[in-house]
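Take 1 as the starting number for the sequence shown in UniProt numbering and just add one per residue.
Just so it is clear, CB atoms sit at the ideal spot from N, CA and C, and this is done for glycine as well.
Since the structure is predicted, the reported quantities are computational estimates derived from the model, not experimental observations.
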Amino acid sequence: MTHQDHQDPYRLGPPQAAPIPTPGPGDGPDAVSRGDVVRALLWAVVVLSAVANMALSFTGAAAPLHLASGVVTVLAAGTLVVRRLRGRR
């Protein structure tokens, strides 16, 4: 290793070209992140549990079933809100 091979990063001089990282198999512009999948699943849970709660209301089902579907709806919606607020930081 010669003196030219090892450059001082604080030395003033012409800019060095940084290596360009090569994209992996799932790193393209159309790649779907894990967060996108979780968000889509949470929205599906919110919609399905709200529809289930409405259907239970029309059929006159027992109160514990209403409560269970309502709790699932609130938990999924709350998780979406928390994820959105944490993403803003």
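Should residue i go down as buried or exposed, given a rule of 16 or more other Cβ atoms within 10 Å for buried?
| i | result |
| --- | --- |
| Ser69 | buried |
| Ala63 | exposed |
| Ala55 | exposed |
| Ser33 | exposed |
| Ala49 | Reading off the sequence, residue 49 comes out as Ser, not Ala. Per the 10 Å Cβ criterion, buried. |
| Ala40 | exposed |
| Ala31 | exposed |
Just to check my reading of the structure: residue i and residue j have Cβ atoms closer than 8 Å, yes? What is that Cβ distance to the nearest angstrom?
| i | j | result |
| --- | --- | --- |
| Val82 | Val45 | Wrong, their Cβ atoms sit about 14 Å apart, outside the cutoff. |
message: Ignoring anything shorter than 4 residues, give me the alpha helix (DSSP H) runs that lie fully in the region 29 to 76, in order along the chain.
response: 34 to 59
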